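Participant: Shown below is the structure under consideration.
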């Protein structure tokens, strides 16, 4: 049980047991809901809100009853020197923040297994419950946001390519974003989602949920909050996504720049040529050809980036190495 029972002095034991169970379920639900809000696939407007809520409730109903206050396996993994005591030097920032949220202070003597796995106290006020709920939501939100930021780089690449080859005027409504998007941007966005779900070395949907479950090993319900290290990881992933977008679009942009110079030179030397009628279809055809040649190597780079991003998120949020890396 992830929460300690209220004092029996003022409540019936059965009500105390039910209250602890319900609060634990509620906090697990908020952690899953954070992933469902902005995560790939499930966090898009294509999936109705009621479906996302139902999935979060179902996942919380399965996970919550089996959760202890902390994991003995996580204690052993964090205890690098094997002395059965955890000191501050052995604990990553996410775990230290979790222990402080549970009211535990890592002194010079350290923490033993019983203290590490002790259930968190129940919040005594609605404000306390709200604070814990926001902390739980932030964990799932950070996990989903990290992967969404990486995939957003591909949509950025598509937008840049469409502006160069002249197809940006063909923007259509993208239900996955709830806004207009260029054709190539949609294509590359779908490519990234498919790579996340289907590539054998990535298995993104499985690793996302596995990482979410692993967070309960070191961040039990009521003790979760995104650490500064995790926010720095999110910033790095956002930068990696933008870098990926520029790398995918760079070959097409370079060829389009050369074509602009060529068409401009022809327009000056051979004024009889209609630059508009010749330049637009030529740019579109050349741009699509270069993009097609770029997709195959870009997929390999994308697979490595997705796998590395999942590993980085696991280490930042859980505080332990990812066994699936």
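Residue numbers (the numbering used here): 0 to 324.
Quick reminder that beta carbons are idealized off the backbone N, C-alpha and C, glycines included.
A quick note: this is a predicted structure, and the numbers were derived from the prediction, not measured.
With DSSP as the reference, please indicate the residues paired to residue 85 in a beta bridge.
Facilitator: 110
Participant: For residue 89, which residues in the same chain have their Cβ closer than 8 Å to its Cβ, ignoring the five residues on either side in sequence?
Facilitator: So the list reads 77, 78, 79 and 80, once near-sequence residues are dropped.
Participant: State the CB to CB distance for the pair residue 32 and residue 55, rounded to an integer number of angstroms; the pair is presumed to be in contact (CB under 8 Å).
Facilitator: 4 Å
Participant: Cutting at 6 Å between CB atoms, please list the residues of its own chain near residue 315, excluding the five before and the five after it.
Facilitator: 228, 229 and 232, listed in sequence order.
Participant: Among 281, 85 and 86, whose alpha-carbon lies nearest the alpha-carbon of residue 165?
Facilitator: Considering only 281, 85 and 86, the residue with the shortest C-alpha distance to residue 165 is 281.
Participant: For residue 293, which residues from the same chain have a beta carbon less than 8 Å from its beta carbon, with the 5 sequence-adjacent residues on both sides left out?
Facilitator: The beta carbon of residue 293 lies closer than 8 Å to those of 247, 250 and 251 in the same chain, with the five residues before and after it left out.
Participant: In angstroms, rounded to a whole number, what distance separates the CA positions of residue 41 and residue 35?
Facilitator: So the alpha carbons of these two residues sit roughly 5 Å apart.
Participant: Just the C-alpha distance for residue 182 and residue 155, rounded to the nearest angstrom, thanks.
Facilitator: Approximately 12 Å between the Cα atoms of the pair.
Participant: Which residues does DSSP pair with residue 156 in a beta bridge?
Facilitator: Per DSSP, none; premise fails for residue 156.
Participant: Helix, strand or coil, according to DSSP, for residue 222 in the structure here?
Facilitator: coil
Participant: Of the choices 38, 209 and 132, whose alpha-carbon is the least far from that of residue 319?
Facilitator: 209
Participant: Pull up the distance between the alpha-carbon of residue 413 and that of residue 47, whole angstroms please.
Facilitator: Past the boundaries of the shown model lies residue 413; the chain is included only from 0 to 324, so the question cannot be answered.
Participant: Do residue 83 and residue 110 come within 8 Å of each other at the CB atom, strictly closer than that value?
Facilitator: no
Participant: Report the residue from 43, 14, 73 and 284 whose alpha carbon sits nearest the alpha carbon of residue 329.
Facilitator: Residue 329 lies beyond the residue range present for the chain, which begins at 0 and ends at 324; the question has no answer from this structure.
Participant: Closer than 8 Å is the cut-off here; do at least three beta carbon pairs connect the region 238 to 247 with the region 300 to 314?
Facilitator: yes
Participant: Which partner residues of residue 193 appear in the DSSP bridge assignment?
Facilitator: Looking at the DSSP assignment, residue 193 forms no beta bridge with any residue, so it has no partner.
Participant: Looking at residue 29 and residue 135, is the spacing between their C-beta atoms short of 8 Å?
Facilitator: yes
Participant: Would DSSP call residue 324 helix, strand or coil?
Facilitator: Here DSSP, grouped into helix, strand and coil, assigns residue 324 to coil.
Participant: Return the chain-ordered list of same chain residues with a C-beta closer than 6 Å to the C-beta of residue 317, the five sequence neighbours on each side being excluded.
Facilitator: 213, 214 and 217
Participant: Which one of 105, 133, 51 and 162 has the shortest CA to CA distance from residue 283?
Facilitator: 162
Participant: With a CB to CB cut of under 6 Å and the five nearest residues on each side skipped, what residues in its chain are close to residue 87?
Facilitator: 105, listed in sequence order.
Participant: Who are the Cβ neighbours of residue 322 in its own chain at under 7 Å, not counting the five residues just before and after it?
Facilitator: none
Participant: Using only CA atoms, which one of 324, 59 and 300 lies nearest to residue 150?
Facilitator: 300
Participant: According to the neighbour-count rule (16 or more other Cβ atoms, all chains shown, within 10 Å of its Cβ), is residue 17 buried or exposed?
Facilitator: exposed
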